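Colleague:
Protein chains in written order, with the working numbering: chain A, 1 to 111; chain B, 1 to 115.
(1) Under a three-way DSSP split, which group does residue 60(A) fall into?
(2) Assuming residue 24(B) and residue 48(B) make a contact with CB atoms under 8 Å, what is their CB distance in whole Å?
(3) Identify which residue in 110(A), 111(A), 109(A) and 103(A) has its Cα closest to the Cα of residue 44(A).
(4) Using DSSP's beta-bridge definition, name the partner residues of residue 32(B).
(5) Kindly indicate which three-state DSSP category residue 66(B) falls into: helix, strand or coil?
(6) Decide if the segment 86-101 of chain A is in contact with the segment 20-38 of chain A; the criterion is three or more beta carbon pairs, one per stretch, under 8 Å apart.
(7) Starting from residue 21(B), find everything on chain A with Cβ-Cβ shorter than 8 Å and list it in chain order.
(8) For residue 15(B) and residue 61(B), I'd like the C-alpha separation in whole angstroms.
(9) Identify the contact partners of residue 26(A) in chain E, using a Cβ-Cβ distance below 7 Å as the criterion.
(10) Alpha carbon to alpha carbon, how far is residue 109(A) from residue 47(A)?
(11) Only counting the same chain, and skipping five residues up and downstream in sequence, which positions put a Cβ closer than 7 Å to that of residue 57(A)?
(12) Here's a check: name, in chain order, each residue in its chain whose Cβ is nearer than 8 Å to the Cβ of residue 13(B), leaving out the five neighbours to either side.
(13) Give me, in chain order, the residues of the same chain whose beta-carbon lies closer than 7 Å to that of residue 71(B); leave out the 5 immediate sequence neighbours on both sides.
(14) Please return the same chain residues whose Cβ sits closer than 7 Å to the Cβ of residue 78(A), not counting the five positions on each side in sequence.
(15) So the beta strand (DSSP E) residue 70(A) belongs to, where does it begin and stop?
(16) Strictly by DSSP, which residues pair up with residue 39(A)?
(17) DSSP beta-bridge partners for residue 94(A)?
(18) Is there a C-beta anywhere in chain A that falls below 7 Å from the one on residue 43(B)?
(19) For residue 98(A), decide whether its Cβ has a neighbour in chain B, counting only Cβ atoms nearer than 7 Å.
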C-alpha cells in the first residue's frame, strides 16, 4: 500500500448501532497513525495518535486499534448518536515528517 | 480562545490577483503547516515550518510563498491567482515535527474562490 485508504467512503446507521471503519496505511517507515473527527465548516479535531503496534485507545464511546505490521487501524463507535455524524479521517506519518491523509469515512447517524 | 486561527475565512477574488491568508497559533507550538483540500476532498500538505525554518516544501507552484515571521505565525501568499487555486486551505500546528508522533491542531479553513 502506497497511500492511506479508508473504507467505507460513507456509512448510514441508525441511532444506537455500533459501527467501525478501516484505515490502511503503508507499514514501512511508519511513525504514527492519527484519527480525526471533522464536522462540516469546522476544524478537524484530533481523536487519537497511536504509535505502537497493538495500541488501543479509547475516548468515551469511540475506540481505535493499531496494527503496524500489516498496516491497518480500526475505529469503533459504540452506540452511535446523531452527534457522531461527521467525517472521520485517518492519517499516517512516516519518516518524511509528512502526514498523509485518507479520504475519510462520512458517517451519518439517523435518529 | 481559538487555538489556530486563520483569516480570512472566505475570499472571493479575480484571476491574476495576489492574495494572502494569515494564520496564527496560540498554543506555543514549534511547527506550523499549510494544507490544501483538493478536489477529491483529500487534505494534502503544502508547506511546513519548524521554528521559522522551512522543513517541508511539496511540489506546489512557486506562485505560493509561505512566510513565517515568528513561531506563532505562518502566512500564505499567492501570486497571480488562477481558477485552479480555488480550494479550502487549512493552517495547522503541532508541538514538534510529526516524526515524534505529535497531535496536529487545525484551523477552520479558508475558502478561496477565484473567478
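Ideal Cβ positions, reconstructed from N, Cα and C, are used throughout, including at glycine. Owing to the predicted nature of the structure, the values given are computational and were not obtained by experimental measurement.
Modeller: Concretely, from the data shown:
(1) Mapped onto the first chain, residue 60(A) falls at position 60. Correct three-state label for residue 60(A): coil.
(2) Reading the second chain from its first residue, position 24 is the one you call residue 24(B). Reading the second chain from its first residue, position 48 is the one you call residue 48(B). Here residue 24(B) is actually not in contact with residue 48(B); their C-beta atoms are around 16 Å apart, not less than 8 Å.
(3) In the first chain, residue 44(A) corresponds to position 44, counting from 1. Of 110(A), 111(A), 109(A) and 103(A), the residue nearest in Cα terms is 103(A).
(4) As a position in the second chain, residue 32(B) is number 32, starting the count at 1. DSSP lists 49(B) and 93(B) as partners of residue 32(B).
(5) Position 66 of the second chain, counted from the start, is the residue given in the question as residue 66(B). In this structure, residue 66(B) counts as strand in the three-state DSSP scheme.
(6) Below 8 Å, enough C-beta pairs join the segment 86-101 of chain A and the segment 20-38 of chain A to call them touching: three or more.
(7) Here residue 21(B) refers to the residue found at position 21 of the second chain. Under the 8 Å cutoff, chain A gives no residues; its nearest Cβ is about 15 Å from residue 21(B).
(8) Within the second chain, numbered from 1, the residue matching residue 15(B) stands at position 15. Within the second chain, numbered from 1, the residue matching residue 61(B) stands at position 61. Inter-residue distance for residue 15(B) and residue 61(B) is about 15 Å (C-alpha atoms, whole angstroms).
(9) Given the protein chain composition of this structure (A and B), no chain E is represented.
(10) Here residue 109(A) corresponds to residue number 109 of the first chain, with the count starting at 1. Here residue 47(A) corresponds to residue number 47 of the first chain, with the count starting at 1. Cα to Cα, the separation comes out at about 19 Å.
(11) Looking up residue 57(A) in the first chain gives position 57. Excluding five sequence positions before and after residue 57(A), the CB atoms of its chain that fall closer than 7 Å to its own CB belong to 48, 50, 63 and 64, given in chain order.
(12) Mapped onto the second chain, residue 13(B) falls at position 13. Apart from sequence neighbours up to five positions away, the residues of its chain that approach residue 13(B) with a beta-carbon distance below 8 Å are 19, 81, 112, 113, 114 and 115, ordered along the chain.
(13) Looking up residue 71(B) in the second chain gives position 71. Excluding sequence neighbours, residue 71(B) sits near 30, 51 and 52.
(14) For this step, residue 78(A) is matched to residue 78 along the first chain. Taken in chain order, the residues that qualify are 18 and 61.
(15) As a working mapping, residue 70(A) is identified with position 70 in the first chain. Premise fails: residue 70(A) is in no beta strand (DSSP E) and is neither H nor E.
(16) Mapped onto the first chain, residue 39(A) falls at position 39. For residue 39(A), which the question treats as bridged, DSSP gives no partner whatsoever.
(17) Numbered from its first residue, the first chain carries residue 94(A) at position 94. Looking at the DSSP assignment, residue 94(A) forms a beta bridge with 30(A).
(18) The residue labelled residue 43(B) in the question sits at position 43 within the second chain. For residue 43(B), at least one C-beta of chain A is nearer than 7 Å to its own C-beta.
(19) Start at 1 with the first residue of the first chain, and residue 98(A) comes out as number 98. So, interface residue.
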